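Below is one structure, written out as C-alpha cells, with a few remarks after it.
There are 4 protein chains.
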Amino acid sequence: MTMEAFGEQNFGDDDEPLRWDLRPGWLSEEELAETRGRVPLLYVEALPVRTEPDGRISEVGLLLRGSATTGQITRTLVAGRVLHGETLRDALVRHLEKDLGSSAFPVVPQSIVPHAVGEYFPWPGARLQDPRQHAVSMAYVVPVAGECQPRQDALELTWLSPAEAIEPAVLAELEGGRGSLVLQLLHASGALE
Amino acid sequence: MTMEAFGEQNFGDDDEPLRWDLRPGWLSEEELAETRGRVPLLYVEALPVRTEPDGRISEVGLLLRGSATTGQITRTLVAGRVLHGETLRDALVRHLEKDLGSSAFPVVPQSIVPHAVGEYFPWPGARLQDPRQHAVSMAYVVPVAGECQPRQDALELTWLSPAEAIEPAVLAELEGGRGSLVLQLLHASGALE
Amino acid sequence: MTMEAFGEQNFGDDDEPLRWDLRPGWLSEEELAETRGRVPLLYVEALPVRTEPDGRISEVGLLLRGSATTGQITRTLVAGRVLHGETLRDALVRHLEKDLGSSAFPVVPQSIVPHAVGEYFPWPGARLQDPRQHAVSMAYVVPVAGECQPRQDALELTWLSPAEAIEPAVLAELEGGRGSLVLQLLHASGALE
Amino acid sequence: MTMEAFGEQNFGDDDEPLRWDLRPGWLSEEELAETRGRVPLLYVEALPVRTEPDGRISEVGLLLRGSATTGQITRTLVAGRVLHGETLRDALVRHLEKDLGSSAFPVVPQSIVPHAVGEYFPWPGARLQDPRQHAVSMAYVVPVAGECQPRQDALELTWLSPAEAIEPAVLAELEGGRGSLVLQLLHASGALE
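Protein chains in written order, with this note's numbering: chain A, 2 to 194; chain B, 2 to 194; chain C, 2 to 194; chain D, 2 to 194.
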C-alpha cells in the first residue's frame, strides 16, 4: 500500500509516510482516494502577512512551490487538510508550522470564523480548482511576527506589498485560481483600504 | 444494504432511501459510516429569523424535533450535510427547503462566509457534540419572509423573541450543545444589540 | 440664514430647507460648517444589490448624480449623515428611502456592524475624499426587493453586473474615491466569489 | 475658559488642559458642549485580551475607573474620541497607549471594520447610555502582548477569564450598559466558543 503522492498537490501534504498509522486522522492513499469521491474534504488555508504597529498590513507572504515532475513554479497559500478529530485551530497551527517553520510566531485569529471560504471542485469551470477533489477551505489572514523558514517542499516564501500582491500577473500565478481568494482575503482584512 | 437510520440524528437527514443511488453525493450507510471514521464531515446550519423593516430581528425560529425511539423532544437548527460536488449555497438552500418547506422564502446570505462555525465531536467534553461523527458546520442566520411548514420529521417550528431564545432553559433544550451556537449567532447578527 | 448648499455634495443632502428647525438633528449651514471643523461627521452608506434566490449578488446599483454647476456626471452610493439622536438603523432606512424611493423594499442588514468603513478627509492624498469635511461612514451592502425610483437630485440608478461594476472605468467614476469602497463591499459580500 | 471636566466620564478623557489649542482636534469645553448637541460623536473602544498561541482568548482585561466625586468604582473599556482629522487606527493606537501604557504592545486589528458598534444616547431607555451625548463607538477586541500599566485616572486593569467576564455581576459593573457590548465582543471574537 503506497501513500498519497507528493509534489503535485494544490494543498499541502497531509499524509506522510510512516506516520499515518500512528495518527488516527492520517489515511492511506486508498482510503483517501475513496473518501475524496464521497464527501467534500475540509481544509484550512492561511495568508501570512506582516503588519505595522497600527495594524496595517505592510507585506503579504506567498509560498513558491515547485512541481517535482514539471518543474513549474506556482504560488500558493499555507494550506492543509483538517484531520479527523482535529480542531480547526489545531489544524491551522499545525499547517502554519509545517509551511512556515517553528520560528514564524503566527498570531492565530481569536475566532475560527474564517475571513473567506474557498470552494474547490475538480471539474472545469469552477472558480477555484483542485484536480484531486471537492474541497472546502476555511481561509484566514494570519500576521506573523517571527522569521519564516518554509520546509523543503515549499521553495521559498516571498514577501510582497499589498499593491504588488494584487497585480494581475501575481494573482495569475496562484494555483487553482487562488488569486481570487487572495484578493478577497486582502479586501476583508483591510489591506487595500 | 440499509440506509442511515432516521430520527436520532443531531443533523438533518441527508441520506434518504431510494434516492441515494441517483444522486452522486448520497452514500450508503456503510459508506457513510466508513467515511465518518476518516474525515470531518461538512455541514451547513441555519437559524431562521423574522426581521423588522429596519433589519432588527424580531423572532427566532427553533425546530422541535422528536426522537422516534425515546419520544424525547429537543430543539435544533436547520441543518444538513454538504454533499460531494455540492456548493455551500446549494446545500443551504436545499436544507432550508427540506426543513422549512417551499414557502419559507429564505433570504440566503450574500456571502458564504459563515456567521459562526460549529465544531462537533463524538467524545465527551466537547462544547458541541455529535455522537455519530466529527462534523464542522458553517452556520448562518437566515431571515425568512414566508410561511414555514416543517416536514414530518420536524414536529414544529416555534418562534421566540430574541430575549426568550436566550433563556438558559431554552438554550439547554438545543441538542448537542447548540445553545452556545445559537447565542453566538444571535450576538453576531445583532439580535441582542 | 441660508442652508447648506445642494448639488455639489459627495454625500446625500441631509439638511433641507424649511425642515431643519422642525427636526432636532438638522443644522443650519453655519452650525454645520462650524461642526465640520471640529469633529468627524458620521454617515451611513449603502450599496444596493439584487440577489438570486441562493443569495448570490446578480446586480449592483450605482447612483448617477449630476452636478448642478458643472454638469459633470458622477456615480455614488446611497449615503447621508446620521443625525443627532438618530440610530444607525433609522439613518440607513431614511437614506435608502430618500435615494431609492418608497417602493425599493430594502433588506436592511440584521446587524449594524458595517461591511466596510469609509474614512473621508478633505485634504489631498486621502484614499477617500470629501472636500467639505472629515467624515466616517458605516457602509453596508443592502439587497433591494422592489423597484427603485431615485428622487430628483439623483438622476438615475443604473444596475450593473458585479463584473461590470468592478471595471476600472466604472470604479473611477465613483466620486471621492469610492471605487475602492465599492470593491471592498463587493468582496466582503461575496459578490466576486 | 475651562476644559471638559474629568472623572465622571463614560469615555476616556480626550480634551486635556494645555494641549487642546496645540492640536486641531482638541476642543474647548464650550465647543465640545455645543458640538455634543448637534451631531453624534465618534469614539473608538477596545477590549484588551490575552491570547494563547492557538489564538484562543485566555483573559479579558477590564479597566476599573473611580469617580472623583462619588468614589464609585465602575468597570469600563479602553475608549476615547476620534479627533477631527484623525484616522480610526490612529485614534485606536492613541487611546490604547493612553489607557494601557506604552508597554502594552497591542496587536491592532488589520481591518478597521469594527467587531461591534456601540450606540450611546443620553436619554433613559437606551441600551447603551452616555449622559453627556449621543456617541457611536467602533469597538474592537485587541490582544495585548506586553505589560499594561493604566495611567492615573484608571485605577487598575483587572484580568478575568472569559467565563468570569460574562458573569452577570461583572457585566453589571460595566458603566453605561457596556456589559452587553462586552458580551457581543466576546461572542464575535470566539472567546465563548
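Beta carbons are placed, not taken as given, at the ideal position from N, Cα and C, and that holds for glycine. These numbers come from a predicted model, not from an experiment.
Using DSSP's beta-bridge definition, name the partner residues of Leu187/D. For the purposes of this step, residue 187/D is taken as residue 186 along the fourth sequence, with counting starting at 1. For Leu187/D, which the question treats as bridged, DSSP gives no partner whatsoever.
Please report the distance separating the alpha-carbon of Ser112/D from that of Gly177/B. The sequence position of residue 112/D within the fourth sequence is 111, counting from 1. The sequence position of residue 177/B within the second sequence is 176, counting from 1. Between Ser112/D and Gly177/B, the C-alpha separation is close to 34 Å.
Near Thr77/C, which residues of its chain fall below 6 Å by C-beta distance, leaving aside the five closest residues on each side in sequence? Position 76 of the third sequence, counting from 1, holds the residue named residue 77/C. Excluding residues within five positions, the ones whose Cβ falls inside 6 Å are Leu64, Arg66, Glu176.
Spatial distance of Leu1/A from Val61/A (CA atoms): The structure shown does not extend to residue 1/A, since chain A is modelled only from 2 through 194, so no value can be given for it.
Leu89/D: contacting residues in chain C (beta-carbon distance under 8 Å): Translated into positions along the fourth sequence, residue 89/D becomes position 88. The contacting residues are Val118, Glu120, Val137.
Do you know offhand how far Arg51/D's Cα is from Gln150/B's? Indexing the fourth sequence from 1 puts residue 51/D at position 50. Indexing the second sequence from 1 puts residue 150/B at position 149. Roughly 46 Å separates the two Cα atoms.
Reducing DSSP to helix, strand and coil, say where Leu78/B ends up. Here the question's residue 78/B lines up with position 77 in the second sequence. Leu78/B falls in the coil class under three-state DSSP.
I want to see whether chain C comes within less than 8 Å of Ser190/B, judged by CB atoms only; does it? As a working note, residue 190/B is residue 189 in the second sequence. Yes, its Cβ sits closer than 8 Å to a Cβ of chain C.
When DSSP labels each residue in this structure, what does Ala192/C get in the three-state scheme? The residue given as residue 192/C occupies position 191 in the third sequence. Reduced to three states, the DSSP call for Ala192/C is coil.
Take the Cβ of Arg152/D as the centre, count every other Cβ of all protein chains shown within 10 Å, and call the residue buried at 16 or more, exposed below. Position 151 of the fourth sequence, counting from 1, holds the residue named residue 152/D. With fewer than 16 Cβ atoms within 10 Å of its Cβ, Arg152/D is classed as exposed.
Against chain A, with Cβ distances strictly below 8 Å, would Glu35/C count as a contact? Residue 35/C sits at position 34 when you count from the first residue of the third sequence. No, Glu35/C does not count as interfacial toward chain A.
Residue environment, Leu156/A, which counts as buried when at least 16 other CB atoms sit within 10 Å: As a working note, residue 156/A is residue 155 in the first sequence. Exposed is the call here.
Determine, for Leu184/A, whether the minimum Cβ-Cβ distance to residues of chain C falls below 8 Å. Taking the first residue of the first sequence as position 1, residue 184/A is located at position 183. Yes - at least one Cβ of chain C is within 8 Å of the one on Leu184/A.
Answer with buried or exposed for Gly147/B, where buried requires no fewer than 16 other C-beta atoms within 10 angstroms of its C-beta. Residue 147/B sits at position 146 when you count from the first residue of the second sequence. Counting Cβ neighbours within 10 Å, Gly147/B comes out exposed, since fewer than 16 surround it.
Completely contained alpha helix (DSSP H) runs for the stretch 152–182 of chain D, where each covers 4 or more residues: 163–166, 169–173
Determine, for Glu148/D, whether the minimum Cβ-Cβ distance to residues of chain B falls below 8 Å. Stepping through the fourth sequence from its first residue, residue 148/D is reached at position 147. No, no contact with chain B.
Does the stretch 101–108 of chain C touch the stretch 127–141 of chain C, meaning 3 or more C-beta pairs lie closer than 8 Å? no
Whole angstroms are fine: how far does the CA of His135/B sit from the CA of Leu186/C? In the third sequence, residue 186/C corresponds to position 185, counting from 1. In the second sequence, residue 135/B corresponds to position 134, counting from 1. Near 34 Å, if we compare the C-alpha coordinates of His135/B and Leu186/C.
Give the residues from the stretch 57–73 of chain B that approach chain C closer than 8 Å (Cβ to any Cβ), ordered along the chain. Arg57, Ile58
State the DSSP-derived secondary structure class of Ala34/A, mapped to helix, strand or coil. Here residue 34/A is taken as the residue at index 33 of the first sequence, counted from 1. Note: Ala34/A maps to helix in three-state DSSP.
Put Val109/C into one of helix, strand or coil per three-state DSSP. Against the third sequence, residue 109/C aligns to sequence position 108. If DSSP states are grouped into helix, strand and coil, Val109/C belongs with coil.
Measuring from the CB of His96/D, is there a heavy atom of the ligand FMN at a distance below 7 Å? The ligand FMN is not among the ligands present in this structure, which contains no ligands whatsoever.
Over the uninterrupted beta strand (DSSP E) stretch that includes Glu98/A, give me the two end residues. Locating residue 98/A in the first sequence gives position 97, counting from the first residue. Not the beta strand (DSSP E): Glu98/A falls in the alpha helix (DSSP H), residues 89–101.
Contact list for the stretch 79–113 of chain A against chain B, Cβ threshold 7 Å: Val83, His85, Gly86, Thr88, Leu89, Ile113
So, at 8 Å on beta carbons, what are the nonlocal neighbours of Arg1/B in its own chain, with the 5 sequence-adjacent residues on each side left out? No statement about residue 1/B is possible, as the shown extent of chain B runs from 2 to 194 and does not include it.
Leu28/A lies in the beta strand (DSSP E); which residues open and close that run? To locate residue 28/A, count along the first sequence from 1; it is residue 27. Run containing Leu28/A: none; DSSP gives neither H nor E here.
Where Ala170/C falls, given that 16 or more other Cβ within 10 Å makes a residue buried: Locating residue 170/C in the third sequence gives position 169, counting from the first residue. Burial call: exposed.
Can you tell me which of the three DSSP states Ala117/A falls into? Walking along the first sequence from the start, residue 117/A turns up at place 116. Correct three-state label for Ala117/A: strand.
Distance between Leu43/A and Leu43/B (C-alpha atoms, nearest Å): For the purposes of this step, residue 43/B is taken as the residue at position 42 of the second sequence. For the purposes of this step, residue 43/A is taken as the residue at position 42 of the first sequence. So the two alpha carbons sit approximately 7 Å from each other.
Give me the DSSP bridge partner(s) of Glu46/B. Position 45 of the second sequence holds residue 46/B. Glu46/B pairs with Ala80/B, Ala140/B.
Quick one, are the C-beta atoms of Arg95/C and Thr36/D less than 8 Å apart? Within the third sequence, numbered from 1, the residue matching residue 95/C stands at position 94. Within the fourth sequence, numbered from 1, the residue matching residue 36/D stands at position 35. No.
In chain D, which residues lie less than 9 Å from Pro115/A when you measure between Cβ atoms? Mapped onto the first sequence, residue 115/A falls at position 114. Per Cβ cutoff of 9 Å: no residues; Pro115/A is ~11 Å from chain D at best.
Alpha carbon to alpha carbon, how far is Glu194/A from Arg57/A? Give it in angstroms, no decimals. What you label residue 57/A is simply residue 56 of the first sequence in a count that begins at 1. What you label residue 194/A is simply residue 193 of the first sequence in a count that begins at 1. Looking at the two C-alpha atoms, the distance is approximately 9 Å.
Could you check what DSSP says for Val40/A in three-state terms: helix, strand or coil? On the first sequence, residue 40/A is found 39 positions in, with the first residue counted as 1. Looking at Val40/A - three-state DSSP - the assignment turns out to be coil, as it is neither helix nor strand.
Looking at chain B, is there any beta carbon in it that lies within less than 8 Å of the beta carbon of Val171/C? Numbered from 1 along the third sequence, position 170 holds the residue referred to as residue 171/C. So, not an interface residue.
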